[in-house]
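Student:
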Amino acid sequence: ALEINTLPLIQGQTSVITVTTDVEAAFSGFLGAYPLHFFNDGKNNYIALQGIHAMQEPGNYPLVIQGMFADGTSFGFTQNIAIRAGSFPFDPPLTVDPSTIDPAITQPENELWSSLSAPATPLKMWQGIFAFPAPAAFYDCYTSWYGDRRSYNESPYDYFHTGLDFCTGSGTEIYSVAPGTVVFAGTLTVRGNAVMIDHGWGVYTAYMHLSELRVKPGDQVTTGQLIGISGGTGRVAGPHLHWEVIIGGIQVEPLDWLAHQYP
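Residue numbering for the sequence shown follows my numbering, starting at 743 and increasing by one per position.
See the structure below:
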């Protein structure tokens, strides 16, 4: 049996593709250009999670799944899947340090960020809904939402907001939202002092613009563990926490992971 969590898929959404079989198998596939990584949940379900880019061109895209069973027989499935436009506002034009939108700087940084979140490690480390990355006083205090279209220094609206901004100001404790492994903790031009955590199965979270880092690469963290202090480093208009959820290398709507259990 094959199940997709919701159709049509929407820009910024987390898609969950589940193949259920009562025999041992291995699956792979693609959703459009995105490779799918399937993992066995121990209950005969092979699950792949994949983010849909917030600026993915709406249209129909092929879902291709291949399977190989233990007895040597194979399985193939292809179907077009609709991706629809999300509803994202246009932020007021922003003025920032020109160096933080210089492609010579942003492109290598973005490539690094993508490479860090590309692996899909087989150990699923999270359970249930994510915890909040900031104290309770900030649970419903946001300064900018995921997917907002953005213009920097009078540019066209070719940018989008890749995460959720909490209005923490400076000096607020920031926490890991789930167990995982720190894959990055350092300083970048755009993201400032930043942390990225691998939660397994291609699921990552990231925390940016911090004034202090309290973890290092390779650290194993638990839900609610202090990982840094909020600040205003990198490309910011003011101090805050920028928090991202990255699925299959694509930033998705973080609020979904604070409200819904995946997979």
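For each residue, glycine too, the CB sits at the ideal point set by N, CA and C.
Between the C-alpha atoms of P835 and D900, what's the straight-line distance to the nearest angstrom?
Tutor: Roughly 12 Å between the two C-alpha positions.
Student: Please go through the stretch 872-926 and give each complete beta strand (DSSP E) segment of 3 or more residues, from N-terminal end onward.
Tutor: 884-886, 906-908, 915-917, all fully within the stretch 872-926.
Student: Could you tell me the distance, in whole angstroms, from the CA atom of D890 to the CA atom of Q869?
Tutor: Whole-angstrom Cα-Cα distance: 29 Å.
Student: Between Q993, V987, G991, which has its C-alpha nearest L1000's C-alpha?
Tutor: Measuring from the Cα of L1000, the nearest candidate turns out to be V987.
Student: Where does the unbroken beta strand (DSSP E) through P850 begin, and where does it stop?
Tutor: Unbroken run through P850 is the alpha helix (DSSP H), 845-858; no beta strand (DSSP E).
Student: Got a sec, what are the start and stop residues for the alpha helix (DSSP H) D998 sits in?
Tutor: Run containing D998: 996-1001, per the alpha helix (DSSP H) assignment.
Student: Rounded to whole angstroms, what is the Cα-Cα separation between G980 and V963?
Tutor: Distance between the alpha carbons of G980 and V963: 28 Å.
Student: Report back the beta-carbon spacing between E954 and G944 to the nearest angstrom; my notes put them in contact at under 8 Å.
Tutor: Actually they are not in contact, since the Cβ atoms of E954 and G944 sit about 29 Å apart, beyond 8 Å.
Student: Give the secondary structure of T837 by DSSP, where H, G and I count as helix, E and B as strand, and everything else as coil.
Tutor: It is coil, neither helix nor strand.
Student: Would you say G970 touches the ligand MN, meaning its beta carbon is less than 7 Å from a heavy atom?
Tutor: This structure does not include the ligand MN; it has no bound ligands of any sort.
Student: When you compare only the Cα positions, how much space is there between V978 and D907?
Tutor: Using only the alpha carbons, I get a separation of about 11 Å.
Student: By alpha-carbon positions, which one of A827, E851, S857, F780 ends up nearest to A796?
Tutor: Taking only the C-alpha atoms, the option nearest A796 is A827.
Student: Can you give me the Cβ contacts of I989 inside the same chain, cut-off strictly under 7 Å, excluding the 5 residues immediately before and after it?
Tutor: Hits under 7 Å: T756, L791, Q792, G793, G944, V945.
Student: Which residues bound the beta strand (DSSP E) around H795?
Tutor: It is not in any beta strand (DSSP E) - H795 carries neither H nor E in the DSSP assignment.
Student: By alpha-carbon positions, which one of L773, T910, E995 ends up nearest to A876?
Tutor: Among L773, T910, E995, the Cα nearest to that of A876 is on T910.
Student: Go through its chain and collect everything with a Cβ distance to I916's Cβ below 7 Å, but skip five positions before and after it.
Tutor: Around I916: P875, A876, Y949, L952, I969, G970, I971, S972, L983.
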